[in-house]
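Residue numbers (the numbering used here), protein chains in the order written: chain S, 1 to 377; chain P, 1001 to 1201.
For glycine and all other residues, C-beta sits at the position ideal for the given N, C-alpha and C.
Predicted model, so just to flag it, every value in this text is computed and none were measured.
Worksheet: one structure, shown below.
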């Protein structure tokens, strides 16, 4: 890994950890053996006290920062946050990104070969949950010699993982950093996920999840899923500001091809996504989102569910995020307050909706920078 | 919230004298967290601040202060009854619209409340009004057209409100600059501090 003054971690290379002990999953399924693909930035200090785990959201991956040598445009998804001199400063911290199990970027997932059949797992890949991801990440931490993370950080579904870490392994997380997340999905969120799943499941090219053998991809379903998802990641204001009612041809053409610029944008996003993301991974990940609910085993009592946490917390939400609204983050804040946890909460004014957590709003990054600077290593 | 005086330090010493060691404290309009730092250092409190302004929130984080970015005009929904030993509002009460609402919320969430505010009855302010102008002073440093203050009241007004709402005044302190004022504070004090309880005896 090279360092340069631009604040980028530079050229990075993914690594792979192979695990041969079977992993028992919450769903009752078992993964007999599996790979976790990960990247690291910065240097683990002698005391092994400066490690930060960055958990990814629905479409993210282990590639958090930097670029790949052969692909100059392959910048990591949270590169604006992670690097030398950046808020999550790799001169101070050793940062780890892991592709979740069930993913499609190298960790064992539906595209991987099921050793029992010699064919891709496809739809028979077991359901994985946020807690399963956390447990597999804990085994990777063992492998890397990390007893406790200085911080576990994530946005959206990644924020749910950061929260789950503080509950499943309270002794192994000093700071939980939960961004644009929620204690559970809202009913409306589950509804949107179901629309996305039905788009995939009803695509004739889905073949019950075994489309790999048919040499096809359920492109129509995937792109529809992404289009509806994308709408929910933005805000009405952000879309109006960016596209308004701008016309592609300057006048009404009375056809079903692209008329309004927003249509063009959504089609582009859908096509792009369908070109690299796996449909089975999308299905599994949306289900993991739906199931996540730490209070479920506590009769819906979030305060009781969070009593186990020992970490200090930083939470942030964004004013125009209607998919993971500030009100949901405040539920977490007050449940942590009930348990007398150290917690700071920033409610960032932003027009960009849920996607704001990936942007570099100055107040947002200043708060994150200040928080990271005070973490002792 | 905006601190409107230059007398913070002094304000803080009085408050620290009123707060029990190891108490759970909520500071509304906590600014950069200076008071909470002072209380943590002198009284070993477990403190949280509430602040609306983003730059001050970041300053709190940098100062190792637990801070929640919440707008106080929304009240204290989400905080539990009696969750804190003290809910403090230092030199900010005059900058909140819903005065009655926030006072009753402070005494719901806190077993006691501590407030300080600039006393508009201060004799220099009276002189200023007499001369035909709104007062501008150390404790009221803004002009009428750019002040963050939205409520203008005297110690006598405040005590009347407490009586009307059944709020007990447990302790009171009043100052002109750094000088304690015991006689006729509504006239001679520029800043007033109160420790309040839930029911008047």
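Asked, Found
"Per DSSP, cross-strand counterpart(s) of residue 1024 of chain P", "P:1046"
"Residue 247 of chain S classed as buried or exposed, judged by whether at least 16 other C-beta atoms fall within 10 angstroms", "exposed"
"The region 198-211 of chain S / the region 177-186 of chain S touching (three or more Cβ pairs under 8 Å)", "no"
"Under 7 Å from the C-beta of residue 1078 of chain P: neighbouring residues of chain S", "330 and 334"
"Burial state of residue 117 of chain S, where buried means 16 or more other Cβ atoms lie within 10 Å", "exposed"
"Beta-carbon gap between residue 354 of chain S and residue 156 of chain S smaller than 8 Å", "yes"
"Burial state of residue 195 of chain S, where buried means 16 or more other Cβ atoms lie within 10 Å", "exposed"
"Through-space distance from residue 1089 of chain P to residue 1061 of chain P, alpha-carbon basis", "19 Å"
"Whole-number beta carbon distance between residue 1196 of chain P and residue 1170 of chain P, since they are thought to touch under 8 Å", "6 Å"
"With 16 other Cβ atoms within 10 Å as the buried cut-off, status of residue 4 of chain S", "With a pLDDT of only 46 at residue 4 of chain S, under the threshold of 50, the placement of this residue in the model should not be trusted, and no figure is reported."
"Under 8 Å by beta carbon: chain S residues contacting residue 1023 of chain P", "Within chain S, no residue comes near residue 1023 of chain P; the closest Cβ sits about 13 Å away, beyond 8 Å."
"Rounded Cβ spacing between residue 1103 of chain P and residue 1167 of chain P (contact assumed at less than 8 Å)", "7 Å"
"Contact set between residue 1087 of chain P and chain S, taken where Cβ atoms lie within less than 9 Å", "Those within 9 Å of residue 1087 of chain P in chain S number zero; the least Cβ separation is about 13 Å."
"Three-state secondary structure assigned by DSSP to residue 275 of chain S", "helix"
"Validate contact between the region 246-265 of chain S and the region 84-96 of chain S using beta carbons, cut 8 Å, 3 pairs", "no"
"Cβ distance (whole Å) where residue 58 of chain S is taken to contact residue 285 of chain S below 8 Å", "5 Å"
"Check whether residue 1066 of chain P and residue 321 of chain S have beta carbons under 8 Å apart", "no"
"Bridge partners - residue 1191 of chain P, DSSP secondary structure assignment", "P:1118 and P:1175"
"C-beta atoms of residue 268 of chain S and residue 243 of chain S nearer than 8 Å", "no"
"Chain P within 8 Å of residue 376 of chain S, Cβ atoms only", "no"
"Limits of the beta strand (DSSP E) - the one that residue 40 of chain S falls within", "34-41"
"Contact residues within the region 1102-1114 of chain P, judged by C-beta distance below 8 Å to chain S", "none"
"Buried/exposed call for residue 56 of chain S, threshold 16 Cβ in 10 Å", "buried"
"Rounded separation between residue 273 of chain S and residue 219 of chain S - CA only", "9 Å"
"From S:145, S:77, S:83 and S:185, residue whose alpha carbon lies closest to that of residue 7 of chain S", "S:83"
"Residue 198 of chain S, buried or exposed, once every other Cβ within 10 Å from all chains shown has been counted against 16", "exposed"
"Cβ-Cβ distance between residue 12 of chain S and residue 151 of chain S below 8 Å", "no"
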